[in-house]
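So the structure is just underneath, and the comments pick up after that.
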Amino acid sequence: MNDKNQVVGVSYSLERPPRAVMFVQGQARSLSVANRLYSQANDINNLGQIVGGFSDTIGQSMPYMSWHGTLRVLGTLGAPRRNDAGFGINDRGQIVGDVGNPNTPPETGASIAFLHEHGVMRALATPAGYGSHAVRINNSGQIVGWTEKIGGGIDGRRAVMWKNGARITLVDEPSDARGINNLGQAVGGVYMREGGFLYTPGRGSRNLNELIDPASGYRLIYPQDINDSGQVVGYACKAELCGPVLLDPVHKTRNGHATDTTSDDVGIRDDREP
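Whatever position you read off the sequence shown (first residue = 1), add 27 for my numbering.
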């Protein structure tokens, strides 16, 4: 969803393959890629540019950008197409996503993260023997996603950020990064524990459950995204009730002065009480 409340996603039906759609006033409208065998819309920026992926009649998946009804296929890095798609686009028109990895044997099925800008696609820094995935990019060009050791399963996956061409590991345990705001704060999941993580520049990563008042009774399972106000959406449980929640930053006072503690404390807002 962008700041104009334009929402994109996928429409499912028993009568046809999934289709990329934009939701307008609660109604799903098919996008220009809808006549492909399969299509999905993954992100939209404030200009209305949409990115996603579609497959042709032989099942090859391709990343695309759609704007004002015009479809643009983004290309590859030279490897066979697999589950290629665009996953994130910022207001500068920079696009991130995954394509087949040209640095690994085709039988591995590995992907590599890409940045597409000014009509050119390039691979993001990825260690030898690893695949990578990029899912979101902010307006400063900071990108989040993960790397994964080929053949290593989720144990070899690490949440990362790409900044100015360099790759930073956000959590040194099995994890992925899912969202980033324009302040450079990132959130994602950690597979072997609850709470996920919140990364803040200069402060590193912390388990979000450590920032929630235990008296609330909530346990955050994982965060999904973060906005420029520091609000986090995710999935949490309270007693036997589990579902989506919104975490609001808590602003405290220190020595009589207000302090911005976006990365230090959060409170959960959930209209559904058990």
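C-beta atoms are modelled at their ideal positions from N, C-alpha and C, and glycine is treated no differently.
Expected contact under 8 Å - CB spacing of residue i and residue j to nearest Å
i, j, result
"R230", "S202", "17 Å between Cβ atoms; not a contact."
"N209", "D255", "5 Å"
"I177", "Y157", "6 Å"
"G79", "A112", "6 Å"
"L104", "F50", "Not really, about 32 Å apart at Cβ, beyond 8 Å."
"M188", "Q169", "6 Å"
"D204", "V171", "The sequence given here places Ala at residue 204; Asp does not occur at that position. That pair is a contact at about 4 Å."
Residue i vs residue j beta-carbon contact at 8 Å
i, j, result
"G257", "P250", "no"
"V126", "I164", "no"
"L64", "P44", "yes"
"V48", "S57", "yes"
"S93", "V60", "yes"
"F114", "N69", "yes"
"G102", "Q33", "no"
One or two residues paired with residue i in a DSSP bridge
i, result
"E144", "V147"
"A263", "L247, G270"
"M188", "V171, I195"
"Q67", "G80"
Simplified DSSP assignment, three categories, for residue i
i, result
"G180", "helix"
"T135", "helix"
"L268", "strand"
"M74", "The displayed chain sequence assigns Leu, not Met, to residue 74. Looking at L74 - three-state DSSP - the assignment turns out to be coil, as it is neither helix nor strand."
"P154", "coil"
"L41", "coil"
"L225", "strand"
"N165", "coil"
Residue i beta carbon near the ligand MG (any heavy atom closer than 7 Å)
i, result
"R233", "This structure simply doesn't include the ligand MG, nor any ligand for that matter."
Chain B contact for residue i (CB, 8 Å cutoff)
i, result
"G80", "Among the chains of the structure shown, chain B does not appear; only one protein chain is present."
### Query
Mind pulling the beta strand (DSSP E) runs of 3 or more residues that sit fully within the segment 89-136?
97-100, 112-116, 122-127
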